[in-house]
Amino acid sequence: MTTLASPAMCSLTPIILSLLCFTSFFTPILVIAQPDFQLYICVQDQGNFTTNSTYKANLDHILSDLTTHDQTNNDFAGFYNFSYGLTHTANVIGLCRGDLMPDACTRCLNNSRTLLPSLCPNYYEAIGWYDECMLRYSNRSIFNKMETFPSFYAWNPSNASDPNRFIQVSRTLVQQLTTNATSGDSRQKFATGISTIPNFPTIYGAVQCTPDLSAEDCSMCLLGALDDIRSCCYGKAGGRVQTPSCNFRFESYLFYQLPSVASSPSPHIAPSPSQSNSNTPPKPSRTLVMVVVPIIVGVVVAVVILTFSIYIFMKKTKERKATNHAAASSMTPEDGDTDEGSSQFDFDTIKTATDGFSEANKLGEGGFGVVYKGRLPNGETIAVKRLSRASSQGDNEFKNEILLVAKLQHRNLVQLLGFCIRGNEKVLIYEFVENSSLEKFLFSPKKCVSLDWITRYKIIGGITRGLVYLHEESQLRIIHRDLKASNILLDADMNAKISDFGTARLFLHDQTRGDTRKVVGTYMSEILFSLEKLCLEKLAKWNHSKYHRPHFDKFTILLMLNRYSFILPRPSQPAFLLTSINSHTSEQLNHSSTDQERNDMSTTDLYPR
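Each residue of the sequence shown is one higher than the last, beginning at 1 in the UniProt record's numbering.
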């Protein structure tokens, strides 16, 4: 069953929600002047017709003459059912609410016959409901048939004070009105009535069937629709169900027009004194109150809701701007230690410098974004790190790098030149380091040749000095947490520069341990192990295996690099040793096997990383 969305169900933006609530509040009032279109359905089961088809010509003809047939004046009952065409016949049913006057019914159906074909162009079958009338047409026979699909239900957004009793009284009222409606003739099957119970709100009800139904079909249609009333409208102060063949509605207020002349009998369950003379039209003063008071209340409510929605919208907009501004200003430390070399770049300038972040300028890709080579208008070459917009963690990494790197100035650290932010785009600009990363030298047979002993010694010293600065000499205590060969960059003179502070961890001056939300390293001990491993990689191309080694701290390593008289601990005997055969030594060529020494009694211990 199709549900008509009520104001309480709207999940749109605040301003649109306010407008919808404003419109729905005035629906009972606007119905008097101009019908509100409630729902229309273009039925796809019957397919579509072409623009110049015979069916379209038949449909246009019968719709244009719908309200001009001889069902007016004393014969008027608000029901039209006509067919037109020997082939590709068009069948039309028009049904007005039983309490409408002829001019109101004609106006509603004229609106329907104009609007419905435009909303469902080239559909063989369609149906539309207004508050005052229903119009449907099809290329199949739809007369004298009870049909309950398509349908919809809606409810009053107000809550009933006593839900169980309210729904029970409403069901009883609809059942009794159904009995009266089914006793109608082929001109009209419509009934209205009220239920008045002491110390309980008055309930108004109306039921209607298309007059071409039999009494049994009318009763079956209404009672079948009534079965869904608890699931849709329980706890609410009103509800309605609309189907092609019948409809009913109940409310805690008067929603239909009282008859000015006697027509079909309208049942009254425990009639109140105010209803004793049902043939007397409402007094002008009462009508004025019923129209003016809801308008005033509605305007006040709409203004309040609209004002509140605009306030929420503006507040969220300001918060978004503040978030972007905070991210941009987070590079300035709270203690006033600013990095004057860092500045905010224009995003379009950076985009132009990297040729639109082209693949040709791509230097590498990390866990939080891609690094590009760029050239500024002044000719300076830069490295641009563009954070991935799909990474929620990347935002935090971006803020970390601005906050941390901007405070750090050392010849063995990569210098941050600036940053830029535009919406979801977050970019860091670094100095360009010509020789890329150390990893490309260590594991490249061609480039590794350039790593002589003096160069390796120089690189190790630069890394160590950078770590000493990070750990001890800077105002902040920085634990890099991700020191590896790919994060060591080499400039044109093969000076080492530590990079990638996206995973750095900031410590207080008197803090030696800290918790982290990301498993990257084990702080001091892991950094020292990484440094020792890098040293071995550069000296002997040693790779990821556990070994027996004496313990060194960073100062010991720096001392080793700067003094030739430093005494090294005696290395332990390896458990297994392989040496290669020298083709130039004739004595070794005479050996029957490869030169090996094996400790058969040794046991290798596994050390998890």
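Here a beta-carbon is modelled for each residue, glycine too, at the ideal position from N, C-alpha and C.
Can you tell me whether DSSP reads residue i as helix, strand or coil?
i	result
P201	strand
H544	Low local confidence applies: a pLDDT of 46 at H544 is under 50, so the model's placement there is unreliable, with the coordinate-based value given in what follows. The answer is coil: DSSP assigns H544 none of H, G, I, E or B.
A328	Any reading at A328 needs caution, since the residue's pLDDT is 47, under 50, leaving its predicted position unreliable; the model's value is listed next. Three-state DSSP puts A328 in a helix.
S161	coil
A57	helix
K351	helix
R465	helix
C120	coil
Y523	Here Y523 scores only 46 on pLDDT, less than 50, and its place in the model should not be relied on; the value that follows carries that caveat. Helix at Y523.
G193	strand
N180	helix
V414	coil
Y253	coil
T114	helix
T68	helix
residue 610	Residue 610 lies beyond the range of the chain shown here (1 to 609); nothing can be said about it.
L428	strand
T50	coil
P271	Residue placement at P271 cannot be trusted, given a pLDDT of 41 that sits under 50; the coordinates are not used to answer.
residue 655	Outside the modelled stretch of the chain, which goes from 1 to 609, sits residue 655, for which no answer is possible.
G298	helix
S219	helix
K484	coil
K518	The pLDDT assigned to K518 is 42, lower than 50, so where the model puts this residue is not dependable; a value taken from the coordinates is nonetheless given after this. It is coil, neither helix nor strand.
K447	helix
G224	helix
P281	Reliability of the predicted coordinates at P281 is poor, the pLDDT of 41 falling under 50, and no value is obtained from them.
Does the separation of the CB atoms of residue i and residue j fall below 7 angstroms?
i	j	result
L177	A191	yes
P211	E147	no
L416	Y430	yes
L109	G85	no
V433	R386	no
V174	F248	yes
A496	L442	no
F345	G418	yes
I295	Y234	no
F76	N122	no
I421	V384	no
I203	F250	yes
I498	G466	yes
S252	P201	yes
A225	V241	yes
C120	G78	no
Going by Cα to Cα distance, which pick from the options is closest to residue i?
i	options	result
I463	L489, I478, F443 and K447	L489
I194	G298, D452, V207 and Q188	V207
Y124	V174, T381, T196 and D60	D60
K236	D103, Q46 and A160	A160
D355	K373, D346, A492 and R456	K373
M101	P259, D45, F250 and S64	P259
H410	D103, F82, K447 and Y469	Y469
A57	Y80, T87 and T172	T87
Q46	S141, T106, Q242 and I402	S141
N91	D65, L413 and V414	D65
T483	L413, V449 and F143	Here residue 483 is Leu; the residue named in the question, Thr, does not match the sequence. The shortest C-alpha separation from L483 is found at L413.
Mind checking who residue i pairs with in its DSSP beta bridge?
i	result
N91	S83 and S138
L387	G369
I127	I41 and R136
G78	Answer by DSSP bridge pairing: none, since G78 is not bridged.
K497	L489
K236	N159
C105	Note: C105 sits in no beta bridge, so no partner.
A206	T192 and R249
I421	K426
I382	G374 and E431
Q409	Paired residues: none, contrary to the question.
Q344	F419
Less than 6 angstroms separating the Cβ of residue i from some heavy atom of the ligand GTP?
i	result
I429	No copy of the ligand GTP occurs in the structure displayed, which carries no ligand at all.
Any Cβ of chain D within less than 7 angstroms of the Cβ of residue i?
i	result
T455	Checking the listed chains, one finds no chain D in this structure; it contains a single protein chain.
Tell me, please, whether the region 135-143 touches the region 104-117 by the rule of three or more beta-carbon pairs shorter than 8 angstroms. yes
Give a yes or no on contact between the region 347-366 and the region 427-447, applying the rule of three or more CB pairs nearer than 8 angstroms. yes
Evaluate contact between the region 122-132 and the region 219-226, counting only Cβ atoms and requiring at least three cross-stretch pairs below 8 angstroms. no
Using 8 angstroms as the threshold, is the region 154-161 in touch with the region 182-197, meaning 3 or more CB pairs across them? no
Three or more C-beta pairs under 8 angstroms: does that hold for the region 46-62 against the region 95-104? no
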